[in-house]
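Below is one structure, written out as structure tokens; comments come after it.
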Amino acid sequence: TTDAGLFSTMFDIGGVVGSATIGFILKRFFNNEGCLGAAVETLLSAGTLLLFLAFAKSGIAMN
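Here the sequence shown is numbered in the working numbering, starting from 879 and rising by one per residue.
Here is the structure:
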């Protein structure tokens with residue numbers, strides 16, 4: 879149960895940091911092309927999800 883609280887907090891912190899980071903990247907590299915930037919971000923998110931699924935059974939240290 880302690881792990882559940884820790885993982886929930888880590889998820890929330892990752893969401894805040896990730897949102898700020900993607901906002902910065904979209905503003906910096908896709909200034910007038912918001913839809914293109916969102917498409918690239920979506921593809922990268924899908925790719926990282928596939929990597930997570932591939933390595934999920936490796937344990938917490940790997941993830």
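Beta carbons are placed, not taken as given, at the ideal position from N, Cα and C, and that holds for glycine.
Quick one, which of S886, M888, N910, G915 has its alpha-carbon nearest I900's? G915
What did DSSP end up calling G893 once you bin it into helix, strand or coil? helix
Whole-angstrom distance between L904 and M888, CA atom to CA atom: 24 Å
Where do the N-terminal and C-terminal ends of the alpha helix (DSSP H) with E919 fall, by residue? 912–933
Alpha carbon to alpha carbon, how far is L922 from L928? 10 Å
Going by beta carbon distance, what residues of the same chain come within less than 8 Å of G912, once the five residues before and after it are set aside? L904
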